[in-house]
Structure formats: structure tokens, C-alpha cells
Amino acid sequence: MTVRLLKPYAQRPVGAIATFDASTEAGMIEAKQASADLTGGFEYFLPRPGMKLQVPQIAVGSLTLRPAEQAPAVLPEGQVLNVSGIAGTVGKVHRLDPTGGNTPLQSWTIGAGALAPIGGYAGEQRFLLTCSAGIIDATVQNGAATALQPRSGLLAAQLAAAPRNRLLVAPMGAETQTYVNFATFTWLMILQVDVPYDAARPILFNAAANDIPGLVCCAAAGVNAADKTGNTLTWVASTFAGAATGTQKAGAADRPSVTAPDFIPVAAVPRTDGGPGYLLYLRVCVPTGGTLTSSLSINTDLVQLNSLGSGMMYSNRAGGDFVSTGQAAYNPGASRGDSPIWGVELIVRGQAVSILNAGDSITRAQASAEFKSQNMFQVAAKRLSMTKASIPISNANCGWSGQKSIQYFARLSDLLAVVRPTMAVYAPFSPNDDPGTGTLTQPMVDGMRWRVSQFVDVCRAAQIIPVLWTGLPALKGWNVASDNRRKAFNAELLSLYGKVAVVTDFDAVLSDGASPAAIIAGMSDGTHPYDNAMKLLADRFETDVLAPALKLLS
């Protein structure tokens, strides 16, 4: 049976003709969501990513379409497209005007069996494949087909599986600070969010060598949460795997443990104070005991963070338990930086892009004066957020000064076991891996390479897009042989583009090309990019990663 939709359903618009199982269609007709009368209806195809390739020289690629799906493909000059269908297949492949638009120059009907090979042509050709029934398989012969967005076929495929309805706001930085034997405190954080959300939860750090049980937290709901000056709030308590309290596991000073409650179902309500976006209030109570809490990076400007259009507006603590008891208003005063709340993960109602990046002091933006701890990824995210189809973009900076790649990879792995950003950005190369010897050895590079493989595996298991960037020259006094190892490792990273990860080439932006190389004069303190360089790196990340992702989503 087939129905005509009277209301949007499962990504299909009103009027679309669709086929579901009999019970679903009967229920939709009874609920007046659909009609058995197909008059005035139209065939609608769900868009799917094109072939999972990025550059013509990678000679692999295929795609599979199921009923009511369509996908684009680009065929490089001289290559051949093979298309086939199973029994009962109905579909079409259109060769489009190579100058743009969707005007078909030539069309083939797809049924059971294989079409004659399509191609090769002089010059690159664009195709659109649609499937009305059955299953269509398309492959390439002696060449490659690429997705429509240049160098983004892998990005398209991974974006289709990655979380696209989460934001990750992490204003506190990743580094820790000691607090010993303090009394019971409740931390409050207020966020401003660009888009409506339906659930949220705090992400908590503990760097103490002991577990901290009895953790409780809550989030504000109701109309009072629409006014940042209104403190009489209705609170919804969190749970920890269904339990009323949770335990922060023991951590270490350079590797705090990561704990998160279940998502708290609090929905955004329109603001009544005239401010933009939506507000979110969170409270976390840590019981009496010694602990190390997460703190602001020493280079972070709290006033700057509080002035962002989207992100943290306020953070502070007050003595006592204002979560499980005494949920009345409290006003601890001006914002302060230390908090066990490393960040906040939100489930939003529409599409979103969340980025989590880990690295050393370069990632942390140590030499930045204008941006503070808002690194190149944050600069690009702020620039593009809400500019395409009102899609918000968040960035969580987990740079940690002085850490080696083995250390920040371990922290990133811990975080990715708890949170699910759209993409994780990892710095494979760190000057800190050379412990001041002035020589970058091959075993050091081998360790970096091994961690790249581990990073890709972690991301693949969590369906998170892995993003890598090429390592920059550093003020280490390396000889030519040492820097040649860095350059060779960068070449290996670039060769992964389109195979297992998305790669952005920062070295090409800032390296002076000498042997041994250095960062272009006036762009850094020798190792850490200045603000002018940060903007250039943001441009490159936008071009290689964010802009293609937004184009695919919008």
C-alpha cells in the first residue's frame, strides 16, 4: 500500500508519496497524517551522500541506494560508471549539465540487471542517481567517482553517521587546579544557547586520586529559566545510570576522570528578558572531601567568555547543598573560573555541529592575546555558527600546555567514551614529544603514528568524524634530519585524506619552507601561533572541514 503525506513525516514533506508497512500506514491514515488518495502527490527522494571518495587518484568507490533515496556522483575524465539493480528495481541515472544546476543532459532507466557502462567522457561529469524501488548499486571502473563537494567524500559518509543534534559547550579549558578538603559546595553555571534544546547534562572532571561519591546535580526548567535575572527556578534532578547520586571516579593531576549524569529532560523556553537565544541553568553539588577540580586555563579571559553570544554566561559556587536540599535562590557574586563542570552537552531540536579538539599548548592557544583560549577551531566555529541554515557550531578546547601526544590522546579517549561530538580534532604531532633533546627521533614519530591509528579506531567505534592536522615547525633547534622526519610524518597524514580521516594542512599555511623549517616570521613566538596566524589557521580549517560539512548539512 502507498499513501500521500498530509503532514511531514520521516524527513518527507507534505504531499510526498511514500510506502510503509501496512500497520504504520493504517495508523497514519487514522491519525490524518496521510491519505490513501494519491491525487496531487509526488515522488520524493531522500538525499544520500555521494560516493565515499575525495580525490580522483583514489581508485575506489561505491554507493547503494534504497527506495526513495537519491545521491550525486562526479565522474572524473575518462572514468566509467557501472550501475545495476536487483529484481524489481525502478530508478534512473541522470547525467547533469557540468556547469551546474540539475538539468539532465542524458538519462538511463535502471531496472533488474546491469546497465551498459556509462562513460568515459572528455572532462569531468556530474550525475544524479534516484531509486524508486528495489536496490541500486553504483561503482566505478578503473577510476574514481567523487562526491560533489571537492575532497569531502569521506566527510559526507562520516557526517551521515555522526551525531548531528548535539552541542558541546566547554568554557573551562582542560587544565586542573588543586582544592583540598573544602566544605560541601554547589556550583552554578548559566549558558546561553543559540537554538532550542530538549535535554542537557554537565560533564564533570575529577583529578583527585580518590573516588568522590554522593554527587548530585539538576537543571532548571519552566518559564523562570527564560529570565537571566530570575532566580526562582523549577529544578529537575539528574540521575546517574538511573540512580539518584553518582560517583566521580579517581583521576590524576594530568588526566582527570570524566563523569556525566544521564541527560536531564529540560526543554528550552523563549526568553522574556529580551536577550538572544535560550538560557540553561545547571547546578552540581560535590560533597565534602578533598578533590582536584577542573579550572579555567590560565590564559582564558572570563570576561571575554561571559560576553560570547553563545556559551557560558556565568559560573560560580556557593557553600552548601543547593541541589538535593535548599533549591532556593542563591547569588554567589561575580563569576569565577574554577569548577568541576568541564562542559555541558546538549541535545538540540535541529541539526548542529559540535567539535572537540585535543592537543598541547598550540591547541590551547597559549600565545593568543585577542582570542585567549579560543583557538583556531573556536575562531572558525564562531565565524560560521548560524550562518548556514541556522546550524549552530560549538567547539570544546582541550589543549593542555606541556603535554605530550601520549598524554592528550589518553585524555581525548576518556572524553570520547562519555561525550559524542560530531567531530574530534586531534593533533598527531607535538613538539613536546621531544623531551628537550633537540633531536626528533624515528621512534618518537612511530609513537605518534601509532596514536593516529588508535584515534581513528576510537572515532570509528563511536561514529565520530576523525580530523587530523599537519604538525607545525617548533622552536626546538632541530637539525635538518629531525625536521625532515616531521615533514615526512606530515606527508603520511595527508595521504590519509579520503581514506580514514579528514586532514587539514596547517603546516602549508605557516611553514616558511626552509630546511629546517620555521614558522613564518611575525606569526608566532617560535612555536605558538599569534592571533594573526590563528586567523589563517581558522581560514584553513573552515575551508577544509567546516564549510564542506555545513554545505552537506544545509
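For the sequence shown, this note's numbering assigns the number 554 to the last residue and increments by one with no breaks. In this text, a Cβ means the ideal position worked out from N, Cα and C, and glycines have one as well.
Beta-carbon spacing of residue i, residue j below 8 Å
i      : j      : result
Val425 : Asn490 : no
Gly85  : Gly111 : yes
Ile264 : Ser238 : yes
Leu188 : Arg283 : yes
Ile464 : Leu537 : no
Leu346 : Leu167 : yes
Met313 : Lys228 : yes
Inter-residue spacing [alpha-carbon to alpha-carbon] between residue i and residue j
i      : j      : result
Ala145 : Leu65  : Per-residue confidence for Ala145 stands at a pLDDT of 36, beneath the threshold of 50, marking its modelled position as unreliable; the derived number appears in the next sentence. Rounded to whole angstroms, Ala145 to Leu65 spans 16 Å at the Cα level.
Leu233 : Asn395 : 28 Å
Ile190 : Ser354 : 19 Å
Val236 : Val216 : 11 Å
Val266 : Gly350 : 16 Å
Asp338 : Ala369 : 21 Å
Ala18  : Pro67  : 9 Å
Leu633 : Ile406 : The chain is shown from 1 up to 554; residue 633 falls before or after that span and cannot be answered.
Phe185 : Ala208 : 16 Å
Asp198 : Val169 : 15 Å
Pro516 : Met423 : 33 Å
Asn375 : Phe506 : 13 Å
Trp450 : Cys459 : 15 Å
Ile393 : Gly88  : 43 Å
Phe240 : Ala253 : 24 Å
Glu124 : Gln79  : 9 Å
Gln33  : Leu496 : 47 Å
Arg383 : Lys535 : 10 Å
Selected residue, minimal CA-CA separation from residue i, among the options
i      : options                        : result
Leu494 : Val195, Pro428, Met189, Gln442 : Pro428
Gly242 : Ala170, Ile135, Pro261, Arg460 : Pro261
Thr527 : Gln70, Thr363, Leu346, Tyr497  : Thr363
Gly436 : Ala462, Val456, Leu475         : Leu475
Ser453 : Leu468, His94, Thr245          : Leu468
Ser361 : Asp433, Ile391, Gly101         : Asp433
Gly277 : Pro256, Asp194, Val344, Thr99  : Asp194
Phe541 : Lys228, Asn165, Thr504         : Thr504
Lys487 : Asp512, Ser401, Phe409         : Asp512
Ala250 : Asn210, Ala244, Glu175, Gly101 : Asn210
Cys285 : Pro202, Leu440, Gly27          : Pro202
Thr247 : Cys218, Ala268, Leu204, Ala225 : Leu204
Residue environment, residue i, which counts as buried when at least 16 other CB atoms sit within 10 Å
i      : result
Glu30  : exposed
Val74  : buried
Ala397 : For the record, residue 397 in the displayed sequence is Asn; it is not Ala. By the 10 Å Cβ count, Asn397 comes out buried.
Gln149 : Residue confidence is low: Gln149 scores 33 on pLDDT, short of 50, so the model does not pin down where it sits. No coordinate-derived value is stated.
Leu105 : exposed
Glu43  : exposed
Gly510 : With the sequence shown as reference, residue 510 is identified as Leu, and Gly is not the correct amino acid for it. Result: buried.
Val480 : exposed
Asp273 : exposed
Leu38  : exposed
Ser132 : buried
For residue i: DSSP bridge partner residues
i      : result
Thr234 : Ala221
Ile406 : Paired residues: none, contrary to the question.
His94  : Ser107, Leu128
Cys285 : Thr186, Val216
Ile465 : Met423
Cys398 : Ala358
Asn432 : Beta-bridge pairing links Asn432 to no other residue.
Tyr314 : Ile190
Tyr197 : Val348
Leu75  : Gln125
Pro529 : Ser524
Arg166 : Ile347
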